[in-house]
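Here the protein sequences line up with chains A and B, keeping their order. Residue 37 in the numbering used here sits at position 25 of the first sequence, with consecutive numbering throughout. Residue 63 in the numbering used here sits at position 62 of the second sequence, with consecutive numbering throughout. All C-beta atoms in this analysis are idealised placements derived from N, C-alpha and C, irrespective of residue type, glycine included. Below: one structure, written as C-alpha cells.
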Amino acid sequence: MPDDAIVAHGLAKRYGRIDALRDLTLRVARGECLGFLGPNGAGKSTAVKMLVGLVRPTGGGAEVLGKPVGDRATRARIGYLPELFRYPDWLAAREVLAFHARLLRLTEAAPAIDAVLGEVGLRERAGDRVGTYSKGMQQRLGLAVALLGAPEIVFLDEPTSALDPVGRSDVRALIERLRARGTTVFLNSHLLGEVERVCDRVCVVDRGRVVAEGTVDALTGAAHGVRVQLDDGWHAFDCAPADVPDLIARLVREGARIHAVEPNQSTLEDRFLALVNHA
Amino acid sequence: MNVLLFAGLTLRELVRRRLVAAVALLTVAIVGFTAWGLHRLATAVVDGAPIAEPGVRAVAAGIVIMLAFLFSFVIALGAALVAAPAMAESIANGEILAVLARPVRRAEIALGRWAGTVVAIALYVAVAGGLELLVVRAITGYVPPHPLHALAYLAGAGAVVTTAAIALAARLPALAAGIVAALMFGLAWIGGIVESIGLALGNARLADAGTIVALIFPSDALWRGALYALQPAIFTAAAANANASGTAVNPFSVTSPPPPMLLAWACGWIVAVLAAGIAAFRTRDL
C-alpha cells in the first residue's frame, strides 16, 4: 500500500544453525511510531539492520518507502541510529555531519547541520572532537546523524541506552516532534515506559518470532475493574466501568475510608514479561 | 565522487592521527643518518689518500640498493598497517553502520580506502625516496640510472600490498589482514630468491616455484624492477656474468627488468584482487 512506510513479509535471517529472526511480518504506516520490543537476542537489531540494508535476509522480503530494502536511492530518505553507535573520534561533530551531508548530497548542508545539532542539544560542542565526548554526547551525535536530511523514516536502535534521565526526556520530546512532522519512527528499545509513552503501536519479538503486535491499549488490555486503596491496603474489584461510581458509593455507605481509586490495568511491562515468558 | 570522499577521509585520518608527522620525523632522521655516513665515506682517507671518485660512487650505488631494499619492507609494512585498519576497523567498531545506511555503494568505500592508502604510500615513496636519492647525489655525486622508475616500482609494490590488505580486511579483522598482507610480501621476496637460485643452478623446478610465487603475489617482480632501475650497468654486467657461470646468486642484483607481461600481470592482479575484496565486502552482513 502506498501509505505504508515499511512492509515486511516473512522476513527471516539465519546465521548457520541459529535463527536470528523468523517470519517477521509487519506493516508500519507512514507517520506512525512503532515500538519494537524484545529481550536481548530476540532479533530486534537484526531486523532493523535488514530493514536498512546492512544484513541480507535469508528468507522473506521487505519494502521500505515502497522500494525493496537496500535500495540505494531510498537510503537517502531514511535515518538510522545504530545500536553500536560510533563515529571517528578524530573528527569534530560538525565534520562528521558534514561528511554525512556529502554522502546525502545535501545542497544546503550548513543550515541542515546547525538544525540537527540544535535538535539534539550539541551546538555548543559541535567544534570539539568526538573523542572528547561522553557516551551520552556521542549518542546525541548519532541522533543528529540520523536526523540529517529530514528523513521520511527514522530507525532508532536503542536511542537512549547511553543517556541520563534528562537525555531520555529529550529523546522522548524529539520523537514527539518527529511524529508531529509526520516522520515515521521505528523505535527499538528496552525501555518499556518510553515505548508506552511515545509509540502508536508495539511489536514484540522473542527468540526470532513476533509474539504480539498491536496498540499499547490492545496489548495491555482494556481496564477491567478498579483497585481501591482502603485503610488496610489495596483491594481489587471486578466491575464494568459504568458501575464504578455505584461501587464507590456502596463502599462509602458501608463505612470504608477510600484513599485512592485506579483502573485495574496491566502495564506494558507486565504484558511484555508475560509474553516473553520471563515473568 | 564518493570514492574521492573516502580516499580523502583516509588521508585526513593519517594526518590527524599524527602518523604523517611521526613518519616525517623518522624520515628526516634516517636521511640525516645516511647523509652523515655518506659524508664519512666521501671524505674517508685510505692509505693516506682519499677514496677515488669511482670507488665512492660504486659504494654509494651499493648503499642505495641496500637502502631501497630496507625501504621496500618499510613500504610494505606501512601499506599493510595503514590499509587493513582503514578498512577493517570501521567495520569492527560499528563506524561503518551509519555510513552504509546512506546511499553509498560498498565498492565506493573499499575503492576509496584503497585509493587513499595508495596515494599516501606513493607520496611517502616520492618524498622519502626522492629525498634520500637527492642526498646521495649531493654528497657522492652518484645518480642511479633510472631513479624515477625505481620509485614508481617501489610505489607499485606498496600498491600490491595495499590491495591485498584491503581485500583481506573486507572479511578479516585488521590485525590478521595486515599481518597476512605483510607476510605475503616477505614470502614473495623469498620466492624471488628461490627463482634466482633455480635459474643460476639450472633447476627448472625451483625456478618454476619462484615464478608461481611471483604470479600469486607480484610484489617481488616490482621490487626487481626497482633493483634494475637502481643498479649501475657494471652491477648488471657482473650479475649476468655470475649467472652465466653459475657461480653465485645475489638477491640484490638482477640482469634484466621485469618483462612487460609480468608488469601487466601485476596490474591485472591488483584489479582482480580488489574486485574479489569488493565482492566479499558486498556480501558481508554487518
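{"Query": "What residues from chain B crowd round residue 171 of chain A, counting only those whose CB sits closer than 7 Å?", "Result": "Under the 7 Å cutoff, chain B gives no residues; its nearest Cβ is about 13 Å from residue 171 of chain A."}
{"Query": "How is residue 291 of chain A classed by DSSP in three states: helix, strand or coil?", "Result": "Confidence in residue 291 of chain A is poor, its pLDDT being 41 and thus under 50, which makes the residue's placement too unreliable to answer from."}
{"Query": "Is the Cβ of residue 114 of chain A closer than 7 Å to any Cβ of chain B?", "Result": "yes"}
{"Query": "Only counting runs of 3 or more residues, tell me where the beta strand (DSSP E) segments fall wholly within the segment 78 to 107 of chain A, in order along the chain.", "Result": "90 to 93"}
{"Query": "Does the CB of residue 102 of chain A have a neighbour CB from chain B at under 7 Å?", "Result": "yes"}
{"Query": "Provide the residue(s) that pair with residue 71 of chain A in DSSP beta bridges, ordered along the chain.", "Result": "A:24"}
{"Query": "Does any C-beta atom of chain A lie closer than 7 Å to the C-beta of residue 95 of chain B?", "Result": "yes"}
{"Query": "Assuming residue 42 of chain B and residue 65 of chain B are in contact, meaning their beta carbons sit under 8 Å apart, how far apart are those beta carbons, in whole angstroms?", "Result": "Not quite, the Cβ-Cβ distance comes to about 12 Å (not below 8 Å), so this is no contact."}
{"Query": "Hey, would you say residue 175 of chain B sits closer than 7 Å to residue 276 of chain B, going by beta carbons?", "Result": "no"}
{"Query": "Between the segment 99 to 122 of chain B and chain A, which residues of the former have CB atoms less than 9 Å from a CB of the latter, in chain order?", "Result": "99, 100, 101, 102, 103, 104, 105, 106"}
{"Query": "Contact check, residue 211 of chain A vs residue 46 of chain A under 8 Å by CB: the rounded distance?", "Result": "6 Å"}
{"Query": "If you draw a straight line from the C-alpha of residue 92 of chain A to the C-alpha of residue 170 of chain A, how long is it?", "Result": "11 Å"}
{"Query": "Three or more C-beta pairs under 8 Å: does that hold for the segment 265 to 275 of chain A against the segment 29 to 37 of chain A?", "Result": "no"}
{"Query": "Chain A partners of residue 17 of chain B, CB-CB under 7 Å?", "Result": "102"}
{"Query": "Quick one: is residue 197 of chain A buried, meaning 16 or more other Cβ sit within 10 Å of its Cβ, or exposed?", "Result": "buried"}
{"Query": "Can at least three beta-carbon pairs, one atom from the segment 96 to 103 of chain B and one from the segment 101 to 117 of chain A, be found at a separation below 8 Å?", "Result": "yes"}
{"Query": "Since residue 163 of chain B and residue 237 of chain B are thought to touch, with beta carbons under 8 Å apart, how far apart are those beta carbons, to the nearest angstrom?", "Result": "The pair is not a contact, with the Cβ atoms about 30 Å apart (cut-off 8 Å)."}
{"Query": "Taking just the CA atoms, how far does residue 129 of chain A sit from residue 160 of chain A?", "Result": "9 Å"}
{"Query": "Sort A:96, A:183, A:127, A:95 by Cα distance to residue 106 of chain A and report the nearest one.", "Result": "A:127"}
{"Query": "With 7 Å as the threshold, decide whether the Cβ of residue 145 of chain A is near any Cβ in chain B.", "Result": "no"}
{"Query": "Given a limit of 9 Å on CB to CB distance, which residues of the segment 214 to 241 of chain A reach chain B?", "Result": "none"}
{"Query": "Around the C-beta of residue 141 of chain B, are 16 or more other C-beta atoms found within 10 angstroms, so that it is buried, or is it exposed?", "Result": "buried"}
{"Query": "Report yes if the CB atom of residue 150 of chain B is closer than 7 Å to the CB atom of residue 30 of chain B, and no otherwise.", "Result": "no"}
{"Query": "Which residues mark the beginning and the end of the alpha helix (DSSP H) in which residue 217 of chain B is found?", "Result": "205 to 217"}
{"Query": "Return the CA-CA distance between residue 172 of chain A and residue 108 of chain B, expressed in angstroms with no decimal places.", "Result": "33 Å"}
{"Query": "Once you ignore the five residues that flank residue 167 of chain A on each side, which residues in its own chain have a CB closer than 8 Å to its CB?", "Result": "60, 63, 64, 90, 91, 92, 93, 158, 198, 200"}
{"Query": "Using a Cβ-Cβ cut-off of 7 Å (strictly less than) and excluding sequence neighbours within five positions of residue 271 of chain B, which residues of its own chain qualify?", "Result": "160, 161, 164"}
{"Query": "Name the chain A residues whose beta carbon is nearer than 9 Å to that of residue 204 of chain B?", "Result": "The contacting residues do not exist; residue 204 of chain B stays about 47 Å from chain A at best."}
{"Query": "Helix, strand or coil, according to DSSP, for residue 217 of chain A in the structure here?", "Result": "strand"}
{"Query": "Who pairs with residue 196 of chain A in a beta bridge, going by DSSP?", "Result": "A:165"}
{"Query": "Determine whether the beta carbon atoms of residue 67 of chain B and residue 167 of chain B lie at a separation below 7 Å.", "Result": "no"}
{"Query": "Can you tell me which of the three DSSP states residue 257 of chain A falls into?", "Result": "helix"}
{"Query": "Name the chain B residues that come within less than 9 Å of residue 139 of chain A, Cβ to Cβ?", "Result": "The premise fails here: residue 139 of chain A is roughly 14 Å from chain B at the closest Cβ pair, so nothing lies under 9 Å."}
{"Query": "Taking Cβ positions, are residue 114 of chain B and residue 11 of chain B nearer each other than 7 Å?", "Result": "yes"}
{"Query": "Whole angstroms is fine: what's the gap from residue 135 of chain A's alpha carbon to residue 104 of chain A's?", "Result": "12 Å"}
{"Query": "Which chain B residues sit within Cβ distance under 8 Å of residue 85 of chain A?", "Result": "104"}
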